[in-house]
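Chains as they are written, first to last, in the numbering used here: chain B, 1 to 113; chain Z, 114 to 227.
The beta carbon of each residue, even a glycine, is placed where N, CA and C say it ideally should be.
Small disclaimer: the values here were computed from a predicted structure and weren't measured.
To keep things clear, I will list the structure first and then write my remarks on it.
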Amino acid sequence: SAVISQKPSRDICQRGTSLTIQCQVDSQVTMMFWYRQQPGQSLTLIATANQGSEATYESGFVIDKFPISRPNLTFSTLTVSNMSPEDSSIYLCSVDDIQETQYFGPGTRLLVL
Amino acid sequence: AQSVTQLGSHVSVSEGALVLLRCNYSSSVPPYLFWYVQYPNQGLQLLLKYTSAATLVKGINGFEAEFKKSETSFHLTKPSAHMSDAAEYFCAVSESGANSKLTFGKGITLSVRP
């Protein structure tokens, strides 16, 4: 399975600021996904990131709030813009391997004050 | 549309007892089904998956799950719980194979009593 790393692992931010989360994979993958896990909740898909094209966002998530980059087949970033305390969550990236399975990174724990 | 139902939010068992975590799904096409585990302060780890092969699927750490189409279920079991099994367990469904988004259930917290 792919080995996925995320940076930062955790952060505490002030409201109104933005944070960019990085996701690095040790092999080339076609699809990368970004999820949000709010406190005590399950995972919700934010968007799917394809290399060389714009990300596809799920209902309730917009590019202005969560811009995503996918410059190559091993890397993606998610920015949480103009943060509010409601954005306090764990943000996870995942990749889809050729065996039709998603593997997840360790997550970025974000607290917005 | 697809959905996953995990009834209850917390299951507590004694060490050595049977673990049974329930998952029911809804899907308009044959589903692919997954169980993930999340240990405290960690990401999600794949336990096992069903992708239309054998209906009884064996995973890591002694867990297994059985796909029952007639019951639209994919319950997770382990014959004998260990203290190290205490974690959050998520059932997830996707409607096709590669490159398909996952829909997760709410998750179940498993506690193991000494």
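- Under the DSSP assignment, Z/H195 falls outside any beta strand (DSSP E); it carries neither an H nor an E label.
- Separation of the CB atoms of Z/G156 and B/L45 is rounded to 15 Å, and the pair is thereby denied contact status at 8 Å.
- Per DSSP, the unbroken beta strand (DSSP E) holding Z/S139 starts and ends at N137 to S139.
- DSSP places B/D64 in the coil class of the three-state scheme, outside both helix and strand.
- Rounded to whole angstroms, Z/Y202 and B/M31 show a C-alpha spacing of 24 Å.
- Residues are counted here when their Cβ sits less than 7 Å from a Cβ of chain Z; for the segment 36-56 of chain B these are S42, L43, L45 and T48, given in chain order.
- Between the segment 7-25 of chain B and the segment 102-112 of chain B, the count of Cβ pairs shorter than 8 Å is three or higher; the stretches touch.
- Beta-bridge pairing by DSSP links Z/S207 to Z/Y145.
- A straight line joining the alpha-carbon of B/G60 with that of B/F66 spans about 11 Å.
- The closest CA to that of Z/F180, considering only Z/T168, Z/G172, Z/P227 and Z/M196, is found on Z/T168.
- Shown here, Z/E201 sits in a strand according to DSSP, grouped into three states.
- Cβ-Cβ distances below 7 Å link Z/H188 to L133, L134, R135, C136, A178 and E179 in the same chain, with the five nearest sequence neighbours on each side left out; the list follows chain order.
- With respect to the C-alpha of B/G16, the residue from B/D97, B/S81 and B/E100 having the closest C-alpha is B/S81.
- Under the three-state reduction of DSSP output, B/N82 falls in the coil class, being neither helix nor strand.
- Under DSSP, Z/K182 takes part in no beta bridge, so it has no partner.
- Contacts with chain Z at 7 Å (Cβ-Cβ) do not include B/P8.
- Against Z/G121, chain B offers no close residue; the least beta-carbon distance is about 14 Å (beta-carbon pairs closer than 9 Å).
- B/I98 sits in coil when the DSSP states are folded into three classes, being neither helix nor strand.
- DSSP links B/F75 through a beta bridge to B/Q24 and B/N72.
- The beta-carbon of Z/K162 is placed less than 7 Å from the nearest beta-carbon of chain B.
- Note that the C-beta distance between Z/L146 and Z/V206 is below 7 Å.
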